[in-house]
Each structure stands twice: as structure tokens, then as C-alpha cells.
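A short worksheet on the structure shown next.
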Amino acid sequence: MDVNYADIRRGILGRGYSRIAVEGSIGVGKTSLARLVVKRLGGHLVEDRVDDNPFLERFYEDTGAYGFQTQLVFLMNRYKQQLAFNQQDLFADLVVFDYVFARDRIFANVNLSDDELVLYERVASELEARVVRPDLVIYLQASAPVLFDRIQSRGRGYERSLSRDYLDALNEAFNHYFFNYAAGPLLVVNTDAMDFVNDERHFFDLVRRLAEPVLNTELYVPTWEAR
């Protein structure tokens, strides 16, 4: 397989996709993909700082008691990170995020009560209006059983209490958000049969697709299946 990541990088930037966001449910592989894109193509990586939330472990133990606090901390942390990034004079012309700012809102719709959600939405809407949107979003999908297996294998103790029902609810929330996404080009990728970390074909084929036009919302169809 001939791999020329420099040409792919030029193609992606030529399409105007200088700010790319990778998104998806817990365990889908968004951070792994974002890191690989920057490693192979260069650029600047902006990672979601999940472990900075002091309420996260308590949330997994008692979602009802700690859901609102957890969501507010995530919301403010992501907002501060986005503002700090926008104010930096970065020389990298390709920037890859491993989340979209609306990620927190997706989780809030699953984790919060109706009254909590009303208050949360008032705050989130004010902040989101000040955040720069990505030029291209890659939405990674996976079925709940696949997510469950990946979560168990990566060994984060506080995640192992997640039920398949909860993962199903998250999947529905992510699908609802992205099936109604109209903020820019969106590439939907089903990862159930993909291993872009360990199989170079899978990764190369996906990033090569990014150098082609993505009109509104499109479904990624891998070419390596036909080989």
C-alpha cells in the first residue's frame, strides 16, 4: 500500500478543513483517531480533559446525585479550553479536536432531570454562541455491545460500572444530535468493524476520504472491504 500522508494533508487543507473535530460516544475511539491524525499528518491536537472533573467518579457511583455538578464542570472546562485555544497564536495550520463543544449538551440530555436541564441549557446556550465551530466533524458510531467491550478492555475503573442500557441511551442521544446536525460538513463513520489503531489500511482509507469533498452529511464507505 502506497501511503502519502503529505498529499492527504494538502488535500484536507485545500478543502478548507483546517479545524477538524472527532466525536462519538464513550469508548468509540475518538481520541485514538484524533491522535493518529496529528501523528501522521501533523498539526495541533486539542484533547478533552476528562480526568480534570472532580465529580466524575462520584457521578458513576450515583448519577442522580452528581449529574448536574459533573455536567457544569465539564461545560466550563471545555469552554475555558476553547477560549484559550482561540486566543493562542498557533502556527499549526491543521488543528484536530477530540470533541465538539456540544458534547456536553448531548450528555446532559441523558444525565439530567428536566428541571436541571432547563437551567443547564440557559448557561450552555450563552457559552456555545462564543465558540468557533469546526470546519469538519467526524462522527464515529459503534453499537452498544462493541462500546461495552472496548470500555472494559481499556481498563478505566470508574467506567466499568456503565451499563449497556446507559450506553444505548447515549448512542440514541448522539445519533439524535448528529442526525439533525446542520452546522457544517459531517462525515459519519461506523467503527464496529474498524481498527484504525492497529490496521493501517483502515486509518489510511479514512483520512484519504477527508481530502475529498464532504457535502452536508455523508456516510463513510470504506474501500478496503472490497479488496
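Position one of the sequence shown corresponds to residue 4 (the working numbering), numbered consecutively onward. Glycine residues also receive a C-beta, built at the ideal position from the N, C-alpha and C atoms.
- Would you tell me roughly how many angstroms separate the C-alpha atoms of R230 and A145, rounded to the nearest one? Caution applies to R230, whose pLDDT of 46 falls short of 50 and renders its modelled position unreliable; the value that the coordinates give is listed next. Their Cα atoms are separated by approximately 23 Å.
- Item | Terminal residues of the alpha helix (DSSP H) in which I29 lies | That residue, I29, is in no alpha helix (DSSP H); it is neither H nor E in DSSP.
- Task: For D171, I'd like the list of residues in its chain whose CB is within less than 7 Å of its CB, leaving aside the five on either flank, ordered along the chain.
- Result: The residues are A147.
- Message: Taking the alpha-carbon of H205 as reference, which of G30, G17, V224 has the nearest alpha-carbon?
- Response: It is V224 whose Cα lies nearest to the Cα of H205.
- Item | DSSP state of T66 mapped onto helix, strand, coil | The three-state secondary structure of T66, taken from DSSP, is helix.
- Message: Please classify K33 as buried or exposed, where buried requires at least 16 other C-beta atoms within 10 Å of its C-beta.
- Response: Classification for K33: buried.
- Message: Please report the straight-line C-alpha distance between D202 and D118, rounded to a whole angstrom.
- Response: For D202 and D118, the distance between alpha carbons rounds to 46 Å.
- Pick out whichever of L36, H47, A186, R157 has its Cα sitting closest to the Cα of D208. The residue from L36, H47, A186, R157 with its alpha-carbon nearest to that of D208 is L36.
- Task: Taking all protein chains shown into account, decide if P188 is buried (16 or more other Cβ within 10 angstroms of its Cβ) or exposed.
- Result: By the Cβ neighbour-count rule, P188 is buried, with 16 or more other Cβ atoms within 10 Å of its own.
- Query: Going straight from the alpha carbon of N251 to that of N183, what length do you get?
  - Reply: Because residue 251 is not part of the residues shown, which for the chain are 4 to 230, the question remains open.
- Query: So does the segment 8-25 actually touch the segment 208-217, counting three or more Cβ pairs closer than 8 Å?
  - Reply: Result yes; three or more Cβ-Cβ pairs closer than 8 Å.
- Rounded to whole angstroms, how far is the Cβ of L139 from the Cβ of L213, which I believe are closer than 8 Å? L139 to L213, Cβ: 7 Å. Contact.
- Query: Which residues does DSSP pair with I109 in a beta bridge?
  - Reply: In DSSP, I109 forms no bridge with anything.
- Just how far apart, CA to CA, sit V113 and F177? Those two C-alpha atoms are separated by around 10 Å.
- Message: Going by beta-carbon coordinates alone, are F100 and A24 separated by less than 8 Å?
- Response: For F100 and A24, yes; Cβs fall inside 8 Å.
- From which residue to which residue does the beta strand (DSSP E) around N193 run? 189-193 is the extent of the beta strand (DSSP E) around N193.
- Task: Give the single residue among R81, I141, R153, L173 whose Cα lies nearest to the Cα of E221.
- Result: Selection R81, I141, R153, L173 evaluated against E221 yields I141 as nearest (Cα-Cα).
- Message: For V103 and R61, what's the separation of their Cα atoms in angstroms?
- Response: Between the alpha carbons of V103 and R61 lies a gap of roughly 24 Å.
- Query: Among the residues of its own chain, which have a CB less than 7 Å from the CB of Q85, if the five just before and after it don't count?
  - Reply: Within the same chain, F104, V134 come within 7 Å of Q85 by CB-CB distance, once the 5 residues on both sides are set aside.
- Got a sec? Which residues, its chain only, sit under 7 Å from F77 by beta carbon, not counting five neighbours each side? Taken in chain order, the residues that qualify are N56, D107.
- Item | Neighbour-count burial assignment, N174, 16 or more Cβ in a 10 Å radius | Under this definition N174 is a buried residue.
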